[in-house]
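J.:
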Amino acid sequence: MVGGSGPVTAEFGWEQLLRCPTCGQEISLGADDWHCPKGHRGRIDQAGIVHFSERDYYYREVPRSFFSGLRVTDSPEVGRQAGREAIAALEPAARDKLISYAFDPRRGGVAILGRTGPGTTVLDFGSGWGNLTAVAARFGARVVSADMTYESLLYDSLHNNTKNVLRIRAGQHQTLPFGDAVFDTIFLNGVLEWLPEGYRLNQDPKTVQITYLQEFRRLLAPGGILVVAIENRHSFAYWLGRREDHTGLRYGALLPRWSANLYSRLVRRRPYRTYTYTQSGYRLLFQAGGFADPVFHIPLPRYRYWNRIIPEKKLSTARLFQSGGQPGAKNWVARTMIRQLQGRGWLKHFVQDYIIATSKLEAPQSSLLDSTLASIMKSAGERLDDVDELRVSSTQTLHFSGHRWFYKVPLTDAAAERLRREIDALVTLRDSDLQNLIVPEAQWETGPDRAVYTKLVGRSPQRQAAVDEQLVADVLRRLSRSDRLVPLGETDAYRRWVTALQQNQMPDWINAQRVLKQLETWQGQEVRAGIVHGDFVWQNIIIQPGGQVTVVDWDRYEPQSPRFLDSRASSIEKHDVGADRMSAPKFSSLPTKVEYLFFLFDRIVKDVSAYAHPIYMAHVWHKKRKTEWDRAWNEVQKNQRPKPLG
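Residue numbers (the working numbering): 1024 to 1669.
(1) Would you check if there are 3 or more beta carbon pairs closer than 8 Å linking the region 1208-1224 to the region 1242-1257?
(2) Hey, would you say Ala1190 sits closer than 7 Å to Leu1181, going by beta carbons?
(3) Report the residue ranges of all alpha helix (DSSP H) runs contained in full by the region 1382-1446; include only those spanning at least 4 residues, in chain order.
(4) What does DSSP give as the partner residue(s) for Gln1466 in the beta ladder?
(5) Does Thr1477 pass the burial test, meaning 16 or more other C-beta atoms within 10 Å, or should it be called exposed?
(6) How long is the line joining the alpha carbons of Thr1045 and Glu1385, rounded to whole angstroms?
(7) Just how far apart, CA to CA, sit Arg1165 and Glu1077?
(8) So the beta strand (DSSP E) Trp1057 belongs to, where does it begin and stop?
(9) Beta carbon of Tyr1178: closer than 6 Å to some heavy atom of the ligand ADP?
(10) Checking 7 Å against the spacing of the C-beta atoms, do Ala1157 and Thr1139 come in under that value?
(11) Are the beta-carbon atoms belonging to Gln1226 and Gly1312 less than 7 Å from one another?
(12) Could you say which of Thr1381, Ala1437, Ser1398, Ala1276 lies nearest to Gln1375 if we only look at CA atoms?
(13) Can you tell me whether Phe1319 is helix, strand or coil according to DSSP?
(14) First and last residue of the beta strand (DSSP E) that includes Val1509?
(15) Could you tell me how far apart the beta carbons of Pro1582 and Ile1554 are, in whole angstroms, since I believe they sit closer than 8 Å?
(16) DSSP three-state call for Glu1267: helix, strand or coil?
(17) Given this structure, state the Cα-to-Cα distance separating Pro1141 from Thr1198, to the nearest angstrom.
(18) If contacts are defined as beta-carbon pairs under 8 Å, then Arg1327 and Glu1220 qualify, I think. What distance do you get, rounded to the angstrom?
(19) Name the DSSP bridge partner or partners of Arg1551?
(20) Residue range of the beta strand (DSSP E) that Asp1179 falls in?
(21) Enumerate, from N- to C-terminal direction, the unbroken alpha helix (DSSP H) stretches of 4 or more residues contained entirely within the region 1276-1305.
(22) In angstroms, rounded to a whole number, what distance separates the CA positions of Ser1611 and Leu1452?
(23) Using the Cα positions of Lys1229 and Leu1278, report the straight-line distance between them to the nearest angstrom.
(24) So, do the region 1404-1412 and the region 1259-1275 have three or more beta carbon pairs nearer to each other than 8 Å?
(25) Is it buried or exposed, Ala1315, if we count other Cβ atoms within 10 angstroms and call 16 or more buried?
(26) Can you name the start and end residues of the alpha helix (DSSP H) that Ile1233 belongs to?
(27) Give the straight-line distance between the Cα atoms of Met1360 and Arg1192, rounded to the nearest whole angstrom.
(28) Can Asp1147 and Leu1155 be called in contact, C-beta distance under 7 Å?
(29) Label Ser1258 either buried or exposed according to how many other C-beta atoms from any shown protein chain fall within 10 Å of its C-beta, with 16 as the threshold for buried.
(30) Nearest to Tyr1178 by alpha carbon, out of Gln1232, Leu1396, Ala1109, Lys1401?
(31) Would you kindly report the start and end of the unbroken beta strand (DSSP E) that includes Glu1581?
(32) Measuring alpha carbon to alpha carbon, tell me which residue in Glu1412, Arg1441, Val1188 is nearest Gly1557.
(33) Could you have a look at Arg1501 and say whether DSSP puts it in helix, strand or coil?
(34) So, do the region 1361-1381 and the region 1323-1340 have three or more beta carbon pairs nearer to each other than 8 Å?
(35) In this structure, how does DSSP classify His1708 when only helix, strand and coil are distinguished?
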């Protein structure tokens, strides 16, 4: 066994999918090569990557030297360590961008818009870092990950050893190396606009795109779905002067093609070939490729790093802005422009990006409703039309709701484990004697894995509503009602902190050994321990019409931990609602600065350990949280109340 995926095996029937890209004949897969009856052949390397092309092509967000330390190895951990070392060697700005853009599993949440459940076959064409491939494979699909950049495929194979994934190096041939009607879903995540740049440079870019779409149509099975994530040519940001994503030109996408080409040749010394389109332009493009009228979804803020996806028909009534926001004249102009467009029903034509779903022209239109998202809704007796938006949380979990139920779908194994813990916590809480506290009923379902909750209605605590503040304060007191003093070392939180420190799951600016030694000196200190929610912030609190309080998101529940943790989560947050009323007294003999240190440290452990990718462990908190830690610690040393952490 070598590499992340190992040798290609017959277990998943890969030969049934593949064809020779030169002659279209069926191929046979050997231990280290493939060949067809007409004598065409190619290699299969030690990482299990099938090479249908040997063209030296490279496109990634980092210099090629980033991958120089990667080698096929018997140990996946050796590959992961090489990846960590490569990231650590990058400049800080490049490192932060790479972590947030390339490795975040939340980017793969688009997989739920295709048919990716058990028994399906998926093509992730232009798979890049493999985010979408990993999520689709976890949903149970058999996935083919195709890219022309070999280093990307190798990196992914060393870090994700999922057996139901086949990685191939392909894309340059006129005919893609697959049989007819073999895929239930094809994903083009930021790929369609780039196809004219890579190959057939003597052809018109639109012609190249239509040719590829016709080829993808050939590959789709009856009822299959093509999902395309791509920019909008008439994005409001382009009208406000932002540089175009692909060329770096201002207003390049807005110009007629001939003038954009002249503009690009003068400025970039290259022709303009990364064609994007308006909404009506995409309809015509897919029609030319033989596809049905597409369905549009709006990713916010962008398809590359979205946290919400809104169906087009829900866009006019969606709440687009959360509280707060970035200051500055340009942001104010953009927000004002968006509000005006939304109020007039024009915003769908000026959003920044689209996620587009379509099917074969002759396929029944209902096939678009046969996505993984729709199948989850259907199994619960609900309609896809009831979904107002799809959210993705910082813990790699998809959230959406129907008319009666609320759903959470994990994107990683770690997220699935947290959801199972949450369901166990809800069962425990329903059996407890906590009065007037409502917790949702929940159950675990498979195919794909998901937690389903009863949908609860009500309002969130308002900023100046004293009654709401008092209700929430009462709930907090009931949760932390235990007066029993226990040594800190016997609490759940202490054990979790020590484990994280011993495994060195800390940002590199924290001296794990020094903090561990300090914690050991405090383990005999007595604290009041009780039930801790773990994320007791205002968005997780719902006040019912009858005055009862519901608390949701119990995936960080602990039956016995220091009481002040939930209090600090309530008072040290962005809105800081009722901070004085909600703040807990100084429990036991622990000094105030230790309380704040524990709270900040607890947030770091929980958020850092939430990431499944090992590279996150060392870097994800480095930039932002160091500033917050230093500020709070300095204020505590001056015996000042820390300001809310924004």
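We treat Cβ as the ideally placed atom computed from N, Cα and C, and that holds for glycine.
T.: For this structure:
(1) yes
(2) If you number the sequence shown from 1, residue 1190 lands on position 167. If you number the sequence shown from 1, residue 1181 lands on position 158. Residue identity check: residue 1190 is Arg in the sequence provided, not Ala. Against a cut-off of 7 Å, the Cβ pair of Leu1181 and Arg1190 comes out as no contact.
(3) 1395-1402
(4) As a first step, residue 1466 is located in the sequence shown; it is residue number 443 there, counting from the start. DSSP, once it has assigned bridges, lists Val1475 as partnering Gln1466.
(5) Counting from 1 along the sequence shown, the entry for residue 1477 is found at position 454. It is exposed - the Cβ of Thr1477 has fewer than 16 other Cβ atoms within 10 Å.
(6) Numbered from 1 along the sequence shown, position 22 holds the residue referred to as residue 1045. Numbered from 1 along the sequence shown, position 362 holds the residue referred to as residue 1385. So the alpha carbons of these two residues sit roughly 28 Å apart.
(7) Looking up residue 1165 in the sequence shown gives position 142. Looking up residue 1077 in the sequence shown gives position 54. Using only the alpha carbons, I get a separation of about 25 Å.
(8) Along the sequence shown, read from residue 1 onward, the residue named residue 1057 stands at position 34. Trp1057 -> beta strand (DSSP E) spans 1056-1058.
(9) Looking at this structure, you won't find the ligand ADP or any other ligand, since it has none at all.
(10) By one-based count along the sequence shown, residue 1157 stands at place 134. By one-based count along the sequence shown, residue 1139 stands at place 116. No, the pair does not count as a contact, with Cβ atoms beyond the cut-off.
(11) Start at 1 with the first residue of the sequence shown, and residue 1226 comes out as number 203. Start at 1 with the first residue of the sequence shown, and residue 1312 comes out as number 289. Not a contact, by the Cβ cut-off of 7 Å.
(12) By 1-based counting over the sequence shown, the position of residue 1375 is 352. Closest option to Gln1375, Cα to Cα, is Ala1276.
(13) Taking the sequence shown and counting its residues from 1, the one referred to as residue 1319 is at position 296. DSSP places Phe1319 in strand when its eight states are reduced to three.
(14) For the purposes of this step, residue 1509 is taken as residue 486 along the sequence shown, with counting starting at 1. 1508-1510 is the span of the beta strand (DSSP E), which, as asked, contains Val1509.
(15) Here residue 1582 is taken as the residue at index 559 of the sequence shown, counted from 1. Here residue 1554 is taken as the residue at index 531 of the sequence shown, counted from 1. Between Ile1554 and Pro1582 the Cβ distance is about 6 Å, and since that is below 8 Å, they are a contact.
(16) Numbered from its first residue, the sequence shown carries residue 1267 at position 244. In the structure shown, Glu1267 sits in coil (DSSP, three-state: anything other than H, G, I, E or B).
(17) By one-based count along the sequence shown, residue 1141 stands at place 118. By one-based count along the sequence shown, residue 1198 stands at place 175. In a straight line, the C-alpha of Pro1141 is about 28 Å away from that of Thr1198.
(18) Numbered from its first residue, the sequence shown carries residue 1327 at position 304. Numbered from its first residue, the sequence shown carries residue 1220 at position 197. That belief does not hold up - the Cβ atoms of Arg1327 and Glu1220 are roughly 18 Å apart, past 8 Å.
(19) Counted from its first residue, the sequence shown places residue 1551 at position 528. In DSSP, Arg1551 forms a bridge with Leu1508.
(20) Within the sequence shown, the letter at position 156 stands for residue 1179. First-last for Asp1179: 1173-1182, but that is the alpha helix (DSSP H), not the beta strand (DSSP E).
(21) 1280-1290
(22) Along the sequence shown, read from residue 1 onward, the residue named residue 1611 stands at position 588. Along the sequence shown, read from residue 1 onward, the residue named residue 1452 stands at position 429. For Ser1611, the predicted model reports a pLDDT of 34, less than 50, meaning its position is unreliable; a value from the coordinates is still stated below. Between Ser1611 and Leu1452, the C-alpha separation is close to 26 Å.
(23) Here residue 1229 refers to the residue found at position 206 of the sequence shown. Here residue 1278 refers to the residue found at position 255 of the sequence shown. For Lys1229 and Leu1278, the distance between alpha carbons rounds to 16 Å.
(24) no
(25) Position 292 of the sequence shown, counting from 1, holds the residue named residue 1315. When all chains shown are included, Ala1315 counts as buried.
(26) Looking up residue 1233 in the sequence shown gives position 210. Taken as a continuous stretch (DSSP letters only), the alpha helix (DSSP H) holding Ile1233 covers 1228-1242.
(27) As a first step, residue 1360 must be located in the sequence shown, where it is residue number 337. As a first step, residue 1192 must be located in the sequence shown, where it is residue number 169. Cα to Cα, the separation comes out at about 43 Å.
(28) Looking up residue 1147 in the sequence shown gives position 124. Looking up residue 1155 in the sequence shown gives position 132. Yes, the pair counts as a contact, with Cβ atoms nearer than the cut-off.
(29) Sequence index remark: in the sequence shown, residue 1258 carries index 235 (1-based). The residue is buried, with at least 16 neighbouring Cβ atoms inside 10 Å.
(30) Locating residue 1178 in the sequence shown gives position 155, where the first residue counts as 1. For Tyr1178, the nearest C-alpha among the options comes from Ala1109.
(31) As a position in the sequence shown, residue 1581 is number 558, starting the count at 1. Residues 1581-1585.
(32) To locate residue 1557, count along the sequence shown from 1; it is residue 534. Per the Cα distances, Arg1441.
(33) Taking the first residue of the sequence shown as 1, we reach residue 1501 at position 478. Three-state DSSP puts Arg1501 in a helix.
(34) yes
(35) Not covered by the structure: residue 1708. The range shown for the chain is 1024 to 1669.
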